[in-house]
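Below is one structure, written out as structure tokens, with a few remarks after it.
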Amino acid sequence: MRIPDGWVRTFEVGDEERISLFAMSFGDQNPIHHSNEKAREAGLLGAVAPGVMIGGFISATIAELIPGVRIGNLKMRFPKPLYAGSTAYVFCKLLKRSGQCAKISFEIKNGIEVVTEGSCLLLLPADVKKVA
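Take the sequence shown: its letters are residues 1155 to 1286, numbered as in our numbering.
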């Protein structure tokens, strides 16, 4: 298996109910993750995906390409909210590679705007080779 210089995966964020069920699964009580109405009262356009849901999109994008990978030093920034009903496009880019360690950067876009950006370190399984 080889790691490309860049790759992308798409996710449907789901509606207000799906986001709320996800948030409830780990005890998140923040009303902006459960109610379009409460999110609007907070100055948003509607319910937003929690950061851990967005982190899951990143993890899934990496693990689909590199099964068995271990992700560390995950850094994320959320310049814009990811709203219910959106499509999330996860773009990953290989920054550097040394042996079985790699560093990648990522961006998540809602089709237009960057809603999340960051980087992480990867501990690669033994069968992963560098792209020639």
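All C-beta atoms, glycine included, are put in the ideal place defined by N, C-alpha and C.
Can you tell me the Cα-Cα spacing of isoleucine 1258 and glutamate 1267, whole angstroms?
-> 20 Å
Would you list, in sequence order, the uninterrupted alpha helix (DSSP H) runs of no fewer than 4 residues that lie entirely inside the region 1190–1231?
-> 1190–1195 and 1205–1219
In the structure shown, what three-state DSSP assignment does isoleucine 1266 receive?
-> coil
Close beta carbons around arginine 1163, own chain, < 6 Å, minus the five adjacent residues each side = Thr1215 and Val1244
Does the Cβ of leucine 1175 have 16 or more other Cβ atoms within 10 Å, making it buried, or fewer, making it exposed?
-> exposed
Count the CB pairs spanning the region 1261–1279 and the region 1178–1185 that are closer than 8 Å, and state whether there are at least three.
-> no
Reference valine 1167; option with closest CA among Val1282, Cys1274 and Ile1262 | Ile1262
Kindly confirm or deny that the region 1190–1203 and the region 1216–1230 touch, where touching means at least three C-beta pairs closer than 8 Å.
-> no
Cα-Cα separation, glycine 1160 to lysine 1247 | 4 Å
Which of the three DSSP states, helix, strand or coil, is assigned to alanine 1177?
-> helix
CA-CA distance, serine 1213 and leucine 1219?
-> 10 Å
Could you pull out every residue in the same chain whose Cβ sits closer than 7 Å to the Cβ of asparagine 1227, ignoring the five residues on either side in sequence?
-> Cys1274 and Leu1275
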